[in-house]
Amino acid sequence: MSLLQVSVERVVPAPPEEVFALLADPRRHRELDGSGTVRDAVVDGPQRLSLGAVFGMHMHAGAAYQMTNTVVEFEEGRRIAWQPRPTNPLAARAVGGRIWRYELEPVPGGTRVRETWDIRQERVPPLLLPLRPLTRLSMNRTLDRLEERLT
Numbered sequence: 000m001s002l003l004q005v006s007v008e009r010v011v012p013a014p015p016e017e018v019f020a021l022l023a024d025p026r027r028h029r030e031l032d033g034s035g036t037v038r039d040a041v042v043d044g045p046q047r048l049s050l051g052a053v054f055g056m057h058m059h060a061g062a063a064y065q066m067t068n069t070v071v072e073f074e075e076g077r078r079i080a081w082q083p084r085p086t087n088p089l090a091a092r093a094v095g096g097r098i099w100r101y102e103l104e105p106v107p108g109g110t111r112v113r114e115t116w117d118i119r120q121e122r123v124p125p126l127l128l129p130l131r132p133l134t135r136l137s138m139n140r141t142l143d144r145l146e147e148r149l150t
């Protein structure tokens, strides 16, 4: 792992298929978001994610904004990742490109879930480095919520 990636993981007492089904439903991302920034999925987006799927999210962090996400990695039941970009053209010139990745591994007692915040493709990665501690905290909260929804 480099400075440009943060990962957290835990074993969730549920099978990978159930964990994956929750992650692949963008309408439920608000329930899982440990940062409190995700509001709602854009209504006309897909109900289930797949490789190349594009889905929008209404967000709020100080002010309301919207992100367009593209699923860039997808292995059914094992891995899903999306790359958000601002829908605002001005903002898109300054930020965007991070990847949110979830990797699932069946283990005794459930599924090891690893969430990774990968900013290697971000427009200006050093600007986001100060967010590492808060991002790690939010990611752990996300895994808390994921586990709560599945148990």
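Residues in the sequence shown are numbered consecutively from 0, following numbering that gives the first Met the number 0.
Ideal Cβ positions, reconstructed from N, Cα and C, are used throughout, including at glycine.
Being a predicted model, the structure only gives us computed values, none of them experimental.
If the five residues before and after V53 are omitted, its C-beta is found closer than 6 Å to the C-beta atoms of T69, all from its own chain and listed in chain order. Cβ neighbours of T150 within its own chain (closer than 8 Å, five residues either side excluded): V11, P12 and A13. Rounded to the nearest angstrom, the gap between the Cα atoms of T110 and V18 is 8 Å. A contact between stretches requires three or more CB pairs, one per stretch, nearer than 8 Å, and the region 71 to 81 meets this requirement with the region 39 to 55. Per the coordinates, the alpha-carbon of R148 lies some 18 Å from the alpha-carbon of E102. Around the beta carbon of L128, a 10 Å sphere encloses fewer than 16 other beta carbons of the protein chains shown; the residue is thus reported as exposed.
Of the other Cβ atoms in all chains shown, 16 or more fall within 10 Å of the Cβ of H28; this residue is therefore buried. Taking the C-beta atoms as reference points, S137 is found no nearer than 9 Å to D39.
Boundaries of the beta strand (DSSP E) around R113: G109 to D117. Around the beta carbon of L145, 16 or more other beta carbons sit within 10 angstroms, so the residue counts as buried.
In this structure, I118 lies near L3, with their beta-carbon atoms less than 9 Å apart. Between M56 and T141, the alpha-carbon positions lie close to 17 Å from each other.
Of the candidates V71, S34 and E74, S34 places its Cα closest to the Cα of M58. Under DSSP, T86 shares a beta bridge with no residue. Secondary-structure assignment with DSSP links H59 through a beta bridge to A63. Here DSSP, grouped into helix, strand and coil, assigns E16 to helix.
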